[in-house]
Amino acid sequence: MDTKTTNPDIIYKETFPVTGMTCAACASSVETILQYTDGVKSASVNYATQTVKVEFDASTSPDKLNQALTDIGYGLIITDQNASEVSQAAQEEEYLATKTRLYWSAGLTLPVVILGMFFMDWEPGKWISLLLTLPVLFYFGAPFFVGAWKQAKHRKANMDTLVALSTGIAFLFSLANTVYPEFWTTRGIMPHVYYEAATVIITFITLGKVLEARAKSSTSSALKKLIGLQPKSLKAKIDGVEQEIPISEVVQGYEIIIRPGEKIPVDGKVISGSSFVDESMISGEPIPIEKSSGAKVYAGTVNQKGSFSFIAEKIGSETLLSQIIQRVQEAQGSKAPVQKLVDKIAGIFVPVVISISILTFATWMIVDGEDAFTHALLTSIAVLVIACPCALGLATPTAIMVGVGKGAENNILIKDAESLELAHRVNAVILDKTGTITEGKPTVGRIEWTGESKRSTEDVRPSTVDYRSILLALESKSEHPLAEAVVKSLHKLNISPASIQNFQSITGKGVQAKSSTGETYLVGNQKLLDEQQIKLDPESYELAEKWRQEAKTVVFFANEEEVLAVISIADQIKESSKAAIQNLQSQGIDVYMLTGDNQHTAKAVADAVGLKHFKAEVMPSDKSDFVKTLQSQGKTVAMVGDGINDSEALAQADVSIAMGHGSDIAMDVAKMTIISSDLQAIPKAFHLSKLTVNGIRQNLFWAFIYNLIGIPIAAGILYPINGFLLDPMIAGAAMAFSSVSVVLNSLRLKSRKL
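Here it is in structure tokens:
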């Protein structure tokens, strides 16, 4: 990235992987440091993905941002390579290192625990425990102490602070009792040591980090699958020579060669050859699509049996697959509104816990008897250990990550966490007609043959002329969008075009040409018939009027004397539209249809899908105004569209949903994208939102309840009642379990059916 320019108006937006974060309080520290760095407009950290999204101007640079974080023990991964892959590699490396530390810590801790629990009065056992504890704390547990020191230098505190204080104090207390036990024995008190507490705390917290890392890796599985769809290399023809090159070296305009079974590496247009391509990762449709010269192909899709060459048009981050990956990454790194509150709590949580620990120590020293110091020390350590804010910090982002991944598996791309959290509250849905409720492309509904050609309806060709071949020949040469629908319909009947001559296009009316026998034929609208003074028979006129009332476009095929066929063409309603709309209405959601088409067309479509509310002949700004009207009535509005004309309304809506086959602008504005363009995915998205929000609420409830119950118990509130004091060792295990339980609860969503 070039940041040499000094223009302060240029704002860069980049997402960097962050190193060194160990808890939600760390995330808060990273966010705060970056936000107060000169040139930074905003910074948003996601602890679950270990990333930070930064907006900064040209007065700073990624290196300066990294330097600001390095001073307090964190760092940014800055690379020109694929940041996602570099981040995953760094996380994998950290995971393996943490797992190694866990194995060694556990191996050394086990004998310390055995000595502490079963041979506590054996004097040599204390010295053996001391020797085994030293590497656990100050080598395998060194990251906690280093992190705490760096935080302390900047008057900050995080989870490392809690761990370092609790284990450090326990170790120093035990060391003093090992070296100079006479201090207690002369007072008639048995000098206990708590090496096992210190080592078990380090081991359990390290175990929690390993399980946490594995679980977070699992939540990103959908993203990894998407990234894995793109091949690492490709075959290109350069200067007439076929070469295999890394995908990073391809440039626009290269001729790419695809053979049977290969994945398509970039987006482009076929120039030679033909095949069928599996595009299910884009459309959700299992049937492969035929690709021949002029057809578009997309990165990540899979070629079937044929071979073809295509010109690379979109590469790198411009490809459809890369855009999908980017949307998933942005969604997994975004924050739900509730998370902003959690972050603030996590930022002050550690200082509050340290204060409670000091208060606990002071209280025990004041109210207890001869064991005051011992009880004060143990309870204050237990408070520091049990109150780790990890569970609180993981409550929201892990649920969001799993929800986004679940959505991607069901062809629902979620752009940010706010829309995922809000969608379950939607009680009004606005649907665009063309491309949303309907297919968005004209198709022939029916061809009614009349007069001399009527025998064609029984698929018996007339003895002298095959009118279908002539109709196909005329429409094949026409450039009108509706002509393609007729051509496709006739091709399905395996008809070959007849030979025609003197073809001419009549603007706004239709086309005409002469057959090989010199007879004139024409295809067009009512105006063309009137101009040529060709009259409709009563039966054909009645049929044409009926089709018009059903919002279908009517096209006529005629010779110089009579109409030979009446053709109905319409934008077909998607098979899933009616069921999806009824599904939404059954949930008490008001569904509206807005369209720029005329009243007849709008009413016909609305009646066909069972819609009560619709508006016809609306302009793009009218759609946005209608969204505002519903919002003013207190409704939470979702807008579903696919075109540029929907973008204003999409931006205005509380939840905006784009159809995957729509325009790039619509998909950029929308907060959700339905890849398959199947309306049935919309109620699924709302259900996914409900499940995700329920998961967040459950996580936050248990995280808060855990601390609400755990801290008083650790402080010794039960001691006056039943003499119970929480061992710091058990507190460490409980803390680790709380973080893992939150992640596991979030992962339950992966098995839920939408």
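FYI, the UniProt record's numbering numbers position 601 of the sequence shown as 601, with every residue one higher than the one before it. Glycine residues also receive a C-beta, built at the ideal position from the N, C-alpha and C atoms.
Approximately 6 Å separates the beta-carbon atoms of residue 37 and residue 65; this is inside 8 Å, confirming the contact. For residue 232, the closest C-alpha among the options 39, 10, 299, 435 is that of 299. Here residue 599 carries a helix assignment [DSSP, helix/strand/coil]. With a cutoff of 8 Å on beta-carbon distance, residue 641 and residue 416 are scored as not near each other. Note: residue 571 is bridge-paired with 442 in the DSSP secondary-structure output.
Taking a C-beta distance under 8 Å as the contact criterion, residue 559 and residue 592 do not qualify as a contact pair. Nearest C-alpha to residue 565 among 652, 571, 555: 555.
Taking C-alpha positions only, residue 676 is separated from residue 405 by approximately 16 Å.
For residue 64, the enclosing alpha helix (DSSP H) covers residues 62–70. If you draw a straight line from the Cα of residue 260 to the Cα of residue 321, it comes to about 20 Å. Between the segment 101–111 and the segment 129–138, the count of C-beta pairs closer than 8 Å reaches three or more; the two stretches touch. As DSSP reads the structure, residue 563 sits in a beta bridge with 558. Taking residue 511 as reference, the option from 472, 542, 537, 492 with the minimal CA-CA separation is 472. When the alpha-carbon of residue 448 is set against those of 486, 426, 70, the nearest one is in 486. The Cβ atoms of residue 402 and residue 718 lie no closer than 8 Å to each other. Counting only the Cα atoms, residue 611 lies some 36 Å from residue 277.
Around the C-beta of residue 434, 16 or more other C-beta atoms lie within 10 Å, and the residue is accordingly described as buried.
Boundaries of the beta strand (DSSP E) harbouring residue 657: 655–659, taken from the DSSP string. In this structure, residue 256 and residue 309 form a Cβ contact; the two beta carbons are roughly 7 Å apart against a cut-off of 8 Å.
Scanning its chain for C-beta atoms nearer than 7 Å, with the 5 sequence neighbours on each side dropped, one finds around residue 713 the residues 726, in chain order.
For residue 17, the enclosing beta strand (DSSP E) covers residues 11–19.
Separation of residue 581 and residue 656 (C-alpha to C-alpha, rounded to the nearest whole angstrom) is 17 Å.
Per the coordinates, the alpha-carbon of residue 601 lies some 9 Å from the alpha-carbon of residue 548. Residue 678: not part of any alpha helix (DSSP H); DSSP gives it neither H nor E. Taking a contact to require three or more Cβ pairs closer than 8 Å, the segment 646–653 and the segment 676–688 do not qualify as touching. Nearest to residue 117 by alpha-carbon distance, out of 658, 16, 196, is 196. When rounded, the separation of the alpha-carbon atoms in residue 438 and residue 478 is 24 Å. Between the alpha carbons of residue 180 and residue 174 lies a distance of about 10 Å. In this structure, residue 202 keeps its C-beta atom at 8 Å or more from the C-beta atom of residue 230. Taking every protein chain shown into account, the CB of residue 587 has fewer than 16 other CB atoms within 10 angstroms, so this residue is exposed.
Taken atom to atom, the span from the alpha-carbon of residue 323 to that of residue 57 is near 24 Å.
For residue 167 against residue 137, the beta-carbon gap comes to about 6 Å, under 8 Å, which counts as contact. By the Cβ criterion, the segment 417–424 is not in contact with the segment 533–546, since fewer than three pairs of Cβ atoms, one from each stretch, lie closer than 8 Å. Bounds of any beta strand (DSSP E) do not take in residue 583; it lies within the alpha helix (DSSP H) bounded by 577–586. In the structure shown, the three-state DSSP call for residue 77 is coil. Residue 275 sits close to residue 306, with the two beta carbons spaced by under 8 Å.
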